[in-house]
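S.K.: Sending over a structure as structure tokens; questions will come in a sec.
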Amino acid sequence: MSREEIRIGVYVCHCGLNIAGSVDCEEVAEFASTLPHVVLARDYRYTCSDQGQELIKNDIREYRLNRVVVASCSPRLHEPTFRKACEEAGLNKYLFEMANIREQCSWVHLHDRRAATEKAKDLVKMAVAKAALLKPASDIEVPVIRKALVIGGGVAGIQAALDLADTGYKVYLVEREPSIGGMMARLDKTFPTMDCSICILAPKMSDVGRHPNIELLTNSEVIDVKGYIGNFRVKVLKKPRYVKKDCSACGECSKVCPMTAPNEFDAGLALRHAIYTPFAQAVPSTYIVDMNLCLNKDGVIVCDRCIKACERQAIDFTMKPEAVELEVGTIIVATGADVFDPSTLPQYGYGKYPNVITSLEFERLINAGGPSGGRLIRPSDMKVPRRVAFIQCVGSRSNKTGRTYCSNVCCMNTIKDSLLIKEHWPETEIYVFYVDIRAYGKGFEDLYKRAKKEGVIFIRGLPAEIIEDKKTRNLWLIGENTLLKEPYKMEFDMVILSVGLEPRKDSEIIQRLLTLSRTQDGFFMEAHPKLRPVDAATGGIFFAGCAESPKDIKDSVTQASAAAARAGILMAKGKVTVEAITPILDVEKCKACGLCAKVCPYNAITLNKELKRVEIVEAACGGCGTCAAECPSDALTQNHFTDEQIIAQIDAVTEYDADKKIVAFCCNWCAYAGADFAGVSRMQYPPSVRIIRTMCSGRVAPKFVERAFARGAAAVLVAGCHPGDCHYINANYHTQRRVERLWKKMEQNGLNKERLQLLWASAAEGERFASKIYEMQKIVESITPEEIERAKKVFSKAGGA
Amino acid sequence: MMEAVEHPLLKYLRAAMIPHIWCSGCGNGIILNAFVHALDELQIDLNKLVVVSGIGCIGRAAGYINADSFHTTHGRPIAFATGVKLAKPELEVVVISGDGDLFAIGGNHFIHAARRNIGIKVICANNFNYGMTGGQVGPTTPLEALTTTTPYGNIEHPFNLVHLAAASGATYVARWTTLHVRMLTASIKKLLQRKGFSFIEVVSPCPEIYGRHNKMRTGLEMMEWFREASVIANFSDPAKAEITPEKIVVGEFVDIEKPTYEQLLYEKMAKLMKEESE
Amino acid sequence: MSAGKPITYREVLAEYPDAEKIKFCFECGICTASCPMAGLLKGEYNPRNVLEKIFLNVEDVLVSDEIWLCAWCYRCYKRCPQALKPPEIFFHAKKFAVETERKQAFENIIQKIVRASPLPLVTILACFHPERAGLGLDRIVKEAEKIRKELLDEEKRAIKAESIKGKVAVIGSGPAGLTVAHDLILKGYEATVFEAMKEPGGMLRKCLPAYRLPRELLDMDIQALKDLGVEIETSVVVGKDVDFSSLRSRYDAVFIGVGAHKGQELRIEGAGLKGVVHALDFLCMFNSEKALNVEDKRVAVIGGGNVAVDSAKTALKCGAKEVTIFYRRSREEMPANPWEVKEAEDEGVKIEFLISPKRILGSGENVSAVEFVRMKLGELDETGRRKPVPIEGSEFVKDADMVILAIGEAPDLSFIPKEIELNEDGTIWVNPLTMETTLKGVFAGGDAVTGPASIVEAIYAGRMAASSIDCYLRSLR
Amino acid sequence: MPERLWRTPLDVEKISRPKAEIYILKDQCKGCGFCIHYCPKKVLEESDEINARGVHPPRVVDEKNCVLCSFCTAVCPDFAIFVKEKQCKDGC
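Structure representation (structure tokens):
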């Protein structure tokens, strides 16, 4: 192969006007044709179309191309498409390279055609330089364990578990609470059809409990996740129920238990005992002891009333937490959402005025199985209210509370609630105070109309404050009707705050365990908002329900089924291919120092002290390349991201006008994805930056940075995931260490260390990326030619240009 | 708060003997209490119950319980109980005695009764020393513990009673401390309902004699030690059921069924007599 | 300004850091509903609408009166779900309008303020601050005087036309009380104001530093009310010199507008040392020209409200060597007006955030230092702000010769009967529609109801109370 | 379910806790203190009075707090304390 003549074909994509709108594609193609080894360069309207792919295939055959470069969108989007096309034409897929001239060029420099075109040329030049050094490789196949883990037993988790189990896969369903059912179990009716919530959920819950393929782990939490797509090792902590499975749920224990506390399930509106079942339809129906409340702490039984009452001898206070280890191939995250706590909005008096309730408390009050037996009553005097107000957007769409998003469900939930009141007490006067009513789904508008027809009055304008009448406990709402431009002061018997949803307060734990990304709102981020809406960026992990964004029951179920299908595809195949991006060892150069083994996050490299050599387990390798960056004797490099390839890219950037450019090394999962996100969001930033993609920032060897400075680059950016969020467990800690060492070196040599910047940016932080480039542009502009020269001198000694 | 009402369990005790003579903070009272609680909950017929005890503080228990009882010579309660059980197998025979009595001078009786699976029940109050005679070192005194005869720390390895009982063939073996009184009562109930040789060790505070040498001057301090050090490990290996200052392994260790000595004896006798008569 | 091309909000708000946020106003109306000026001016002023117009048609707004009618009370900001700051947005618009010489109908603006406020000079100086946008204050005051004169004549004529319909007692001669008296006189009632201090004006006279409100202007405003027929009995303490129940029997209705004069106690060690003073007492001493003894002293001010900032500025003006404000939350949560804070900092007041006093140390009976502890912000509390939590082990000692406590004020209501129910924070509860207390015929408003707030809020409360007293008294007949 | 529970539950009146009568046989007490120390609701405390055996017997602080777990009865080595459920007659 090495003797073979290198013949590169370059395709510059217009992407309609997405690229051609701000990049002169013909000019770029023409420029490409002048580059070494390029035998063919074309521009094409939609390269990813069938015709575009056919064109590439034909050219490969006709022009004997042995390398292909496509300059179009992000490789995160279409690299697989083009790789497949190459393979179909008989070209090894690792001989394909992409230049990202859309997300990272045309879309972020919409208003500077000249600069965008120049940058596109550079990006193509970098890709061609790398392409010339590409080597064929074959993927590694890894078996997929045909078992799935579903985290969260709300309606989404239930649906996902049932779908997978019905397909024939073993499913572990882990739920933190004593029963599955989640938020839906607490609702009275569902919109827009007004079905009884628990009536439609309970059969599904018992299906889960009975299903031979589902192992239900309630009162349990995931505490550790290791491994990778197809081969996760998950540790689950099963907290003790103190009641054995023999429990017949007769309830005799609860009757004699002397301890009581507000029932979480009923939002604190009813009492439960220390030994209890959260609700009648709970699955599993086994009772549970709340150890915080029970008198029997530290294994000493003080009170044995329940033990004596239990005929089946099912109560066992000696139960201990138990860690179970599961091996699964796929994971579905269905952890749901929390409800906004309105007591942080003092003007609404929640927590102070008894007759101000939340929509969730309303659900329990109107529910026949709830604490008031379905009678909607004012907590202050237990009377049925005659005038009721709903306040919308409580804890949603607000900068101040940090919940800037629309919670999706509250408008329809209020409309449903208002109709429920009208159904039972038609004389009730109902006012809804809103800013926008969002009735976007199937059947929603009809329900909205029905509410209006029933006489529910919708007033645009939220109350600024609620004042309670000391005598009657009625509530005064003071606000402005913004349609009439008139202030209102209205008296109500009861006010229902339509509270929004928010990310689970402890989502970081799951985020950290599964190395996921979150959006600015705090919900989990999908791999692609349109094309992979239920996949996490991390392979083998999928989302269902409110964990990904607030959604109603129908959407949660839809997404759950989609997630189950996506996970099923993986498991049906039974194997996944892992990219050939593992390290290559040059045994001659290796001095068996063991540094690579120390930094490997996966323990895929071990030092065999007896044989004085390192051993690599490819299947365990995650592909971060940190080992290659660490190796002091250049004995290790990373397949497809070899030292030569990356250096060729650096050299291509710095060939001309290096002193005006920023060389950026971005990790594939966070920083590069964040830069893509900036592009998708059309955030504009200076065109001086050239991004080199590595799988992990841990791949960035000091010599790369030194090389860039030695060749006169104005500034260098190293960007990766936030510490703790590294896709490769902890590889980016090494990045930090290396950059700090470089800073020290720059300082010692009298160089401006601001020229080297380190950025932690998640895939959702496009804005952070863009503002960093702005910041660095100022540095670039302030750098003097002397400074550039000094750096050249310092680093050419070390790195050697 | 009320007064001058009779304690509901007094009917199981010899009223004239109460209050008992045990020290303040002594666990023997709790063992007695748990025992009569169990009698009450099972509604045991006191006419069918025989309590046997040996020498030592807890030896007085036989005298306090309102049933037919023997207060026997030192180390011999199991021997007496064996006699009673063989003569009248329909009686419930319970030995309540101390660690010194049962395992020092009476050690042989214990292991052989367990080996033979004689259907008697043994409750041993383990207070780690000879309390009644002034606090000398005994077969259960932990290593390094201070007693009147080991002022520089005990150098004898103690018996692990539950391991000894299990190894000797007891069909039910449990250990609790006097703090685990609910479990103790439940265990005694089990013990009373079983057929074969059953044994419960009760780790019991002796603040006046043992405690005062070992920096635990009150019963409460000893009970707090039990609370902090106890680990419940039901059906774990009795060989590993250690008692150290840091850890007291408690729980049920053995629960099996096998034919009792008296059962086999009477069957054999019946068979022989039948053969003889034939 | 390039001709032809319409200007945008971006240019107008070029110096306002959060200009882009104004796009995220969803028109919920909370700002307008909270705004006392919107209440006083009824349909003539609507901050929500002004914001929207700045975004959609800024040219219209720049030449309109509306941006000039904001009284900087920040009530809108405190409640705005988007955390927009209309007062500052309007300020930039005002400045832009003045700088680009867009025509302003000042007579119009001042006419509106004068009609809205019975204390026009006070409010212009202490609330509206047109001078901050670059206008000459003298001209404004002169204009206001002229307009008020015309208005007064008009009002006097109106009063004579009607006969006396009833008598109302007003307790407290602050902005709320004076407004009630003024409005009721116009409606044909007799109103007598009882003031505990020697001179009328309440908090305006007691605590507003003279450099912010020259006393002759305050006197002019009060004199104008007296001219109208408002009777003010000074040095009468209700509950001591005159009984509350006797007021109720002698008058047809009673209005309580006693303000919030009682400084909150700091319950820490050393709070009783010499040199520890309450901010209101401090300001009061300054305003009555008593010796403050702050020369060359190191002054620590504890608190983060307007009173804290006023005290700090006053201490600095009176020659203190070093004045530092210690506030237990961060700048974002500070209740003082941001521009007042900025002014204070420009004048040399230091502000330290996230610090709370732990004890006050003394040498002998005098203050010598304060031991502070650093705080961090935790979860949101029931006031909607993040709760400060002490960082253990972060204690430090700072020398100080004087400690001014400005940690909030509450009304002194020892004289009222227990039938009048109070809120949890010790203020009077009133029906928000009628301003009536839980005792029939007794009304209340101002700081005594809301806790420390702005002058305009008190005036608005007075106006609402006056109209509802009118309704009440008419309903009796 | 992490919502803040702040209300008085609506059925707080309906769910009645058993009411206890605590009997202390003062002169039988040897003052070991087990009942006081291990009472989960801290219903008992050491009294000032000295009984026939020269120790301070326990005294009931608040009978209403007693939940009738009867641990004091079980742990008392001296049969000096016991608890009975109050039999509710009229006006109880």
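The listed protein sequences derive, respectively, from chains A, B, C and D. Numbers 58 to 858, taken from the numbering used here, label the letters of the first sequence in order. Numbers 6 to 283, taken from the numbering used here, label the letters of the second sequence in order. Numbers 278 to 754, taken from the numbering used here, label the letters of the third sequence in order. Numbers 989 to 1080, taken from the numbering used here, label the letters of the fourth sequence in order. Ideal Cβ placement from N, Cα and C applies to all residues, glycine included.
For C:T285, count neighbouring Cβ atoms within 10 angstroms of its own Cβ and tell me buried if that reaches 16, exposed if not.
M.R.: exposed
S.K.: Using three-state DSSP, classify B:M6 as helix, strand or coil.
M.R.: Any reading at B:M6 must be qualified, since the residue scores a pLDDT of 46, below 50, and its modelled position is unreliable; no value is offered.
S.K.: Classify B:Q48 as helix, strand or coil using the three-state DSSP reduction.
M.R.: The DSSP-derived three-state label of B:Q48 is coil.
S.K.: Does B:M221 pass the burial test, meaning 16 or more other C-beta atoms within 10 Å, or should it be called exposed?
M.R.: Buried, since its Cβ has 16 or more Cβ neighbours within 10 Å.
S.K.: Determine whether the beta carbon atoms of A:L191 and A:I158 lie at a separation below 8 Å.
M.R.: no
S.K.: Since A:E272 sits in a beta bridge, which residues does DSSP pair it with?
M.R.: A:Y229
S.K.: Tell me, please, whether the CB atom of A:I358 is closer than 8 Å to any CB atom in chain B?
M.R.: A:I358 belongs to the set of residues whose beta carbon lies under 8 Å from a beta carbon in chain B.
S.K.: Report the neighbours of D:R1005 on chain A: residues whose CB is nearer than 8 Å to its CB, in chain order.
M.R.: Using a Cβ-Cβ cut-off of 8 Å, D:R1005 is close to P315 and T317 of chain A, given in chain order.
S.K.: Taking the alpha carbon of B:I101 as the point to measure from, which residue in B:A92, B:H117 and B:C129 has its own alpha carbon closest?
M.R.: Ranking B:A92, B:H117 and B:C129 by CA distance to the CA of B:I101 puts B:C129 first.
S.K.: Hey, out of A:R747, A:E84, A:E272 and A:K528, whose CA is closest to A:D716's CA?
M.R.: A:R747
S.K.: Inspect the beta-carbon positions of B:H218 and D:L1013 and report whether they are closer than 8 Å.
M.R.: no
S.K.: Any beta-carbon of chain A closer than 8 Å to the one on B:N113?
M.R.: B:N113 does not count as touching chain A.
S.K.: Going by C-alpha to C-alpha distance, which of A:C304, A:N349, A:G308 and A:D323 sits closest to A:M316?
M.R.: A:N349
S.K.: For the stretch 770-787 of chain A against the stretch 691-706 of chain A, are there 3 or more C-beta pairs whose distance is under 8 Å?
M.R.: no
S.K.: Rounded C-beta distance between A:G731 and A:W164? I'm assuming under 8 Å.
M.R.: Here A:G731 is actually not in contact with A:W164; their C-beta atoms are around 14 Å apart, not less than 8 Å.
S.K.: Return no unless some Cβ of chain A is closer than 8 Å to the Cβ of B:H42.
M.R.: Cβ-Cβ to chain A under 8 Å: no for B:H42.
S.K.: Near A:K632, what residues of its chain come up, given a Cβ to Cβ distance below 8 Å and the 5 sequence neighbours on each side ignored?
M.R.: Excluding sequence neighbours, A:K632 sits near E198, V199, P200, V201 and G287.
S.K.: Residues of the stretch 1032-1054 of chain D with a CB closer than 8 Å to any CB of chain A: list them in chain order, please.
M.R.: none
S.K.: Would C:V340 be called buried (16 or more neighbouring beta carbons within 10 Å of its own) or exposed?
M.R.: exposed
S.K.: What are the residues that DSSP puts in a beta bridge with A:K546?
M.R.: A:I535
S.K.: Give a yes or no on whether 8 Å exceeds the smallest Cβ distance from B:H185 to chain A.
M.R.: yes
S.K.: On the criterion of 16 or more Cβ atoms from any shown chain inside 10 Å, does B:F240 qualify as buried, or is it exposed?
M.R.: Counting of Cβ neighbours within 10 angstroms places B:F240 among the exposed residues, the total staying below 16.
S.K.: Can you tell me the Cβ-Cβ gap for A:I372 and A:V300, rounded? I've got them flagged as a contact below 8 Å.
M.R.: 6 Å
S.K.: So D:P1065 and B:N33 are supposed to be a Cβ contact under 8 Å. How far apart are they, rounded?
M.R.: Contact between D:P1065 and B:N33 holds, since their C-beta atoms are separated by about 7 Å, short of 8 Å.
S.K.: One question on the structure: do A:V489 and A:T471 come within less than 8 Å of each other, judged by their Cβ atoms?
M.R.: yes
S.K.: Among B:V207, B:G216 and B:Y177, which residue has its Cα nearest to the Cα of B:L189?
M.R.: B:V207
S.K.: Taking B:N159 as the reference, which of B:Q141, B:R187 and B:A179 has the closest Cα?
M.R.: B:Q141
S.K.: List the residues that DSSP assigns as beta-bridge partners of A:N665.
M.R.: Bridge partners of A:N665 according to DSSP: A:R670.
S.K.: For D:C1090 and chain A, any beta-carbon pair shorter than 8 Å?
M.R.: Nothing about residue 1090 of chain D can be read from this structure; chain D reaches only from 989 to 1080.
S.K.: Do you know how far the Cα of C:I628 is from the Cα of C:S607?
M.R.: 10 Å
S.K.: Mapping the DSSP letters down to three states, classify D:E1001 as helix, strand or coil.
M.R.: D:E1001: coil per DSSP, three-state reduction.
S.K.: In whole angstroms, what separates the C-alpha of A:V757 from that of A:T683?
M.R.: 8 Å
S.K.: Within its chain, find whatever has a CB closer than 6 Å to the CB of A:R233; leave out the 5 residues flanking it on each side and keep chain order.
M.R.: Once the five neighbours on either side are set aside, the close Cβ partners of A:R233 are E278.
S.K.: Is A:G856 helix, strand or coil by DSSP?
M.R.: Only weak support is given to the placement of A:G856: the predicted model assigns it a pLDDT of 48, under 50, and the value that follows is read from those uncertain coordinates. Coil.
S.K.: Starting from the C-beta of A:I494, find all residues in its chain whose C-beta is less than 7 Å away, skip the five residues before and the five after it, and write them out in chain order.
M.R.: For A:I494, where only same-chain residues beyond five positions count, the Cβ hits under 7 Å are C468, Y505 and F515.
S.K.: Which chain A residues sit within Cβ distance under 8 Å of D:V1071?
M.R.: The contacting residues do not exist; D:V1071 stays about 11 Å from chain A at best.
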